[in-house]
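Residues 1258 to 1356 in the numbering used here are what the sequence shown lists, from first letter to last.
Each residue gets a CB set at the ideal place from its N, CA and C atoms; glycine is no exception.
To keep things clear, I will list the structure first and then write my remarks on it.
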Amino acid sequence: MKIIFNKALKENLRNVLRQCGYAEIRDRMSGKTSYARRLSSYFYPRFHLYIEEGQGGQLIFNLHLDQKKASYEGQTAHSGEYDNELIQGEAERIKNLIT
């Protein structure tokens, strides 16, 4: 699910996401940074966010729910959900905290 913010954030992105309960993840292989919020004390399931910069200074949050780790070593494919009630609720929670 994509969440689009058209105006600049009041604070640094990392701090804003930390306030939303997300931890930074750096992929050593790709060098990409993403953010995750666990739903329990276990590593999965978790909400997972990728951030893109859009036109005109937009920030695009790409949110999904990781149900489990990738099944095969070296693969990035996972059991993820991109649009359900839980994800919609989390998207609303993020919007309310950020705006």
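Item	Value
Beta bridge counterpart(s) of R1303 as assigned by DSSP	R1295 and D1323
Exposure label - R1285; buried when at least 16 CB within 10 Å	exposed
Coil, strand or helix - E1268 by DSSP	coil
C-alpha gap between K1352 and N1269, whole angstroms	16 angstroms
Proximal residues to E1281 (C-beta, below 7 angstroms), its chain only, five neighbours per side dropped	R1271, T1290 and Y1292
Residue range of the unbroken beta strand (DSSP E) whose run includes K1289	Counting along the chain, K1289 falls outside any beta strand (DSSP E), and DSSP gives it neither H nor E.
DSSP-derived helix/strand/coil call for G1313	helix
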